[in-house]
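*Asks:* The sequence shown begins at -3 in our numbering and counts up by one.
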Amino acid sequence: MAITSVAQRPVVKTSEIYSGLTADTIPARKKITVTASPSTNPQNPDSLPQKIISPSADTSGRDTLPVASIPDTFNIRFSKDTLDAPVNYEAADSGVLLVKEKKFLLYGNTKTTYKDVTLTAPTVVINQETKIVTAYSFKDSTGDVLTRARFTQGTENFQSDTIEYNFKTQKGLTYNTYTKQDEMWVQAAQIKKVNANTTFARKLVMTTCDYDEPHFGFVANKGKFISNKLAITGPIHPEFEGVPIPVYLPFGFFPLNPGRHSGLLPPRFAVTENLGIGLEGLGYFHVINDYVDFTIRTNFYSYGSWNLNLTPTYRKRYKYSGGLNISIQNTKANFKGDPDFALNKSFQVSWNHSMDQKAKPGTNFSANVTAGSTSFNQYQTTNPIRNVQNQLQSSITYSKTWGGKNLTLSANHNQNNFSRLINVTLPDAGFSIPTLYPLQRKNPIGAERWYEKIGIGYNGTARNQVAFYDTALRSFGQLLDTLQLGAQHRLPITMSLPPLGKLIVSPAISYEETWFTNRIRRRWNDTNKKIDTVSLSKGFYTDRQMSFSLSINTALFGTVVLKNSKLKAIRHTVRPQFSFYYRPNLSANKYDIIRYDTSSQSTQQFSQFNVPGNLFSGYGYGKGGGISFGIDNNLEAKWRGKKDSVDKKIRLIDGFGFNSAYNFLAPAFKLSPFNMYIRSTLFEKLNINATANLDPYRVDSNGQNINQYAWSGSGFSIGRITSANISMSTRFQSKPRDPKQAPNPNTPFNQQVITDPNLMQDKMLLQDYMQRNPADFVDFNIPWSIDINFALTLNKIFDRTKQEFKTDLSSSLQFNNSFSLTPKWNFTTNGFYDLDTKQLTQLNLSIAREMHCWQMAISVSPIGQSRFFTITISPRSSILQDLRINRTRAFYDF
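1) Any contact of the region 775 to 788 with the region 720 to 739, i.e. 3+ C-beta pairs under 8 Å?
2) Where Asn882 and Ile869 are concerned, what is the direct C-alpha to C-alpha distance, given to the nearest angstrom?
3) Tell me the DSSP secondary structure of Ala443 in three-state form.
4) Please classify Lys586: is it buried, with 16 or more other beta-carbons within 10 angstroms of its beta-carbon, or exposed?
5) Taking the C-alpha atoms as reference points, what is the distance between Ile843 and Ser855?
6) Taking its Cβ as the centre, do 16 or more other Cβ atoms sit within 10 Å of Ile284, making it buried, or is it exposed?
7) At which residues does the beta strand (DSSP E) containing Asp628 begin and terminate?
8) Measure the alpha-carbon distance for Tyr310 versus Arg256 and round it to whole angstroms.
9) For the candidate residues Ala117, Val557 and Ile649, whose alpha-carbon lies nearest to that of Leu678?
10) Are there 16 or more other CB atoms within 10 angstroms of the CB of Gly333, so buried, or fewer, so exposed?
11) Quick check on DSSP: helix, strand or coil for Asp477?
12) Report buried or exposed for Val182, applying the criterion of at least 16 other Cβ atoms within 10 angstroms of its Cβ.
13) Leaving aside the five residues before and after Phe361 along the sequence, list all residues of the same chain whose C-beta is less than 6 Å from its C-beta, in chain order.
14) Compare the C-alpha of Phe801 against each of Gly300, Asn701, Lys645 and Phe337 and name the closest.
15) Between Pro234 and the rest of its own chain, which residues show a CB-CB distance below 6 Å, the 5 nearest in sequence each way excluded?
16) Identify which residue in Arg647, Phe665 and Lys666 has its Cα closest to the Cα of Lys681.
17) Count the other CB atoms, across all protein chains shown, that sit within 10 Å of the CB of Ala329; report buried if there are 16 or more and exposed otherwise.
18) Note down the Cα distance separating Ser656 from Ile627, rounded to an integer number of angstroms.
19) Just how far apart, CA to CA, sit Gly711 and Tyr693?
20) Do the CB positions of Ser806 and Thr789 come within less than 9 Å of each other?
21) For the candidate residues Lys534, Glu509, Ile392 and Tyr314, whose alpha-carbon lies nearest to that of Arg517?
22) Would you mind working out which of Phe811, Leu831, Ser816 and Thr818 sits nearest Asp804, comparing C-alpha positions?
23) Check each candidate in Leu169, Pro430 and Phe605 and name the one with the smallest Cα separation from Val190.
24) Exposed or buried, which one is Val113 when buried takes at least 16 other CB atoms within 10 Å?
25) Where do the ends of the beta strand (DSSP E) carrying Leu115 lie?
26) Which same chain residues end up closer than 6 Å to Ser531 when comparing Cβ atoms and leaving out the 5 residues on each side of it in sequence?
27) State buried or exposed for Arg900, treating a residue as buried only when at least 16 other CB atoms are found within 10 Å of its CB.
28) Please classify Pro871: is it buried, with 16 or more other beta-carbons within 10 angstroms of its beta-carbon, or exposed?
29) Among Leu278, Asn270, Gly451 and Tyr537, which has the Cα closest to the Cα of Gly300?
30) Give, in chain order, every unbroken run of the beta strand (DSSP E) that is at least 3 residues long and sits entirely within the region 115 to 192.
31) Once you ignore the five residues that flank Arg571 on each side, which residues in its own chain have a CB closer than 6 Å to its CB?
32) Sorted by chain position, which residues of the same chain lie with C-beta nearer than 6 Å to Glu897's C-beta, five sequence neighbours on each side aside?
33) Excluding five sequence neighbours on each side, which residues of the same chain lie with their C-beta closer than 7 Å to the C-beta of Asp734?
34) Classify Ala584 as helix, strand or coil using the three-state DSSP reduction.
35) At the level of alpha carbons, what is the spacing between Ala338 and Asn326?
36) Are Ala363 and Gly318 touching if we call contact CB-CB under 9 Å?
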């Protein structure tokens, strides 16, 4: 017997249908009554009342017992081969039940589910006796598969021509199967599923290419897959475009577990002029636990050079994270006996640590440490940029904030690779108290008094420092001889006054005190006509300074309205700033007044605390009182919008103005130089920033300033430009070919915001690689882009030979351009051009070719201290990022 559903299938074989159930065989529901049976035995508790069902009986007019509410009981027995969960199925076309064969046939977009197993296919046959479900794909008249059968269980997903699966044993067999394991696509002639997590495959191809006919793959006769763990194959070899490559391995091992896992890090082949042939990046990554792992890498070359990098990292979620890097380097350039032979042994240690802000609110601990041999950067063979870095800096900081107060403790390190001088500051302490209002009432009633707005704060800094050269061995006592101590305190007193109309008035008093440990005394030697040092003593010395100020600020606005023009209005904002100040000469006795020219009675002041052993400088000599002033402007425009559209605001000039000061109490040169500036963003594309210093005084024949204004005397002049600089930058970029396409997954770290310190070391390594392989980070979705940065610096220098000022100009142009000739080809150029010498000081040319699942890149750098060329063919998938064909040659000028 067969049961058919409503179907639109045009042809159904009559042999498959034995009889049809077209009539309703379920009787109509009738009224039933339940009465007690006379045979019920009350003495037998096991006997239950018999249910008497009388569909047509009428019980009216008879005595009956109360109806007892007795639940029905069922004793259903299941056969041993019954499934432990229901099988749900649906079909868009039709379903046929073959009763004798115990089979159920589904046609058209079928979906069958059992527990976590989902099977979709054009045609499905369910055998109720064997518990086997068979799914078939749909082929056209030529035999090409149009729709495949799909099998899903947990993270496993198969596409096959035919799928057989046993619900009872959870075993299955598939033919001509496509499946994805992590980022790896697997094609197999036959796959056997033995349990929920393990499958075996015959005649398989593994690839990261998602085409039905992949561009490349690794071919093996058999393999085993364990979900989210690993894949193991027998003898395996690669194929490109169906052509086998005669490189055979006895087995294949592919990790499939997501997240971190231990494993080897393959090297890349390199050829250098001075170091010979080498392997770079060979290493091992090991996961110790969920919180700690480490990476070890090494480079070694045929001339005898090698280096070793050990990088452990640690992390605890919501607590802290960090990493350590220890680098040991042994460099041998050329052969012993050659005139250009070089041998260097060096090391470097770096440590970074950060604390999650939510771990302890108000408390933070961070570290960024880099220290080592001063010659380490010079002999970096894989990073030409670090060859010219002369400064190494480190900082370890602890800070705590409570009740508005802030305490900061830090240890700092500064190392000059050129002079080999190392300065270590330990500790560097800072403490600050927010502004307090001591005269403020506890229970204010009525308006606030003016004296209640008087506030006082505190900022203090204490510092210790030792200095030494890395070329000399020093004892602890010798290091203590270089110990430098110092402290500085500031007590700002402020007062907030209500606005006087449109003027904002702010008076302030500031007191500063600095502590020193060294003091020097000087005097003029008439015999030798020079300044002699009388004494250099150590002890505890203080210097003080006090100042009073009154600042006035306001803002003025002016608008010009234009009629019958697309430019609707122009708005000019002027912000004048005035500040009156007075500073007494509290440091008069802290200076040596030396008469160095007896004929003219000329004197010069020398601070007793400006000594290399002091960490802070002494305060200026003389009292001062005057006014500091400045004007800041900006221009905005309003562009009339089109009909029914909003007017558009345009910033013409973001800011321009000047600032200076006039000291009424100075004996000469009362007017300070003018600092002028302008900054703007034109058309939202061109960023312009320019500054200049204007000296308002005349100069004598020796180029020295004289106490005469430039506009006094004959010939009018506003002053002399002593220095100026202009910087401009712009970026032009075309629209992406596909706006919906996600950003390039290979976007380098220098274009991302990195806050995790564990990634800092990876960022540095990636930036090093980018310097040599920029074509590996091309976004083919952007047809073209242009980045240009221009810098111009001007300085006026007095030429004593010609007795005139000469202009020293230096300018440079930095560019970075990308152009896609076709959607698959990209050309990139970046470099640095010195406009003074009219020479390219750095140039890099790159060509990239996208090959769907692979990418080819050629980079050439023929100019600069580091010259190299690189040819790389690599997969685009991250799982095969180390499977690259690389040819590199580098030439260095140490």
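Note that beta-carbon positions come from the ideal geometry of N, C-alpha and C, so glycine has one too.
*Replies:* Taking the definition as stated:
1) These segments touch.
2) When rounded, the distance between both Cα atoms is 7 Å.
3) Three-state DSSP puts Ala443 in coil, outside helix and strand.
4) Here Lys586 is buried, its C-beta having at least 16 other C-beta atoms within 10 Å.
5) Each residue's Cα considered, the two are about 7 Å apart.
6) By the 16-neighbour rule on beta-carbons within 10 angstroms, Ile284 is exposed.
7) First-last of the beta strand (DSSP E) with Asp628: Gly620 to Trp635.
8) Approximately 13 Å, taken between the alpha carbons.
9) That would be Ile649, whose Cα lies nearest to the Cα of Leu678.
10) Around the C-beta of Gly333, fewer than 16 other C-beta atoms lie within 10 Å, and the residue is accordingly described as exposed.
11) Note: Asp477 maps to helix in three-state DSSP.
12) Burial check for Val182: the Cβ neighbour count within 10 Å reaches 16 or more, so the residue is buried.
13) Scanning its chain for C-beta atoms nearer than 6 Å, with the 5 sequence neighbours on each side dropped, one finds around Phe361 the residues Met351 and Tyr394, in chain order.
14) Among Gly300, Asn701, Lys645 and Phe337, the Cα nearest to that of Phe801 belongs to Asn701.
15) Cβ neighbours of Pro234 beyond the five flanking positions: Phe214 and Ile241.
16) Considering only alpha carbons, the answer is Arg647.
17) Buried: at least 16 other Cβ atoms inside 10 Å.
18) A direct Cα-to-Cα measurement between Ser656 and Ile627 gives close to 10 Å.
19) For Gly711 and Tyr693, the distance between alpha carbons rounds to 13 Å.
20) Against a cut-off of 9 Å, the Cβ pair of Thr789 and Ser806 comes out as a contact.
21) That would be Lys534, whose Cα lies nearest to the Cα of Arg517.
22) It is Leu831.
23) Nearest C-alpha to Val190: Leu169.
24) Label assigned to Val113: buried.
25) Val113 to Asn123 is the extent of the beta strand (DSSP E) around Leu115.
26) If we look at Ser531 and ignore the five residues flanking it on each side, its Cβ neighbours are Arg517.
27) Because residue 900 is not part of the residues shown, which for the chain are -3 to 890, the question remains open.
28) With 16 or more other Cβ atoms within 10 Å, it is buried.
29) The residue with the shortest Cα to Cα distance from Gly300 is Asn270.
30) Within the region 115 to 192, the complete beta strand (DSSP E) runs of at least 3 residues are 128 to 132, 141 to 143, 145 to 149, 152 to 156, 158 to 162, 167 to 177 and 180 to 189.
31) Cβ within range, chain order: Ala551 and Asp628.
32) Any answer about residue 897 is impossible in this case: the structure gives the chain only from -3 up to 890.
33) Here the set comprises Asn777.
34) In the structure shown, Ala584 falls within a helical segment according to DSSP collapsed to helix, strand and coil.
35) Each residue's alpha carbon lies about 11 Å from the other.
36) At a Cβ-Cβ threshold of 9 Å, Ala363 and Gly318 count as neighbours.
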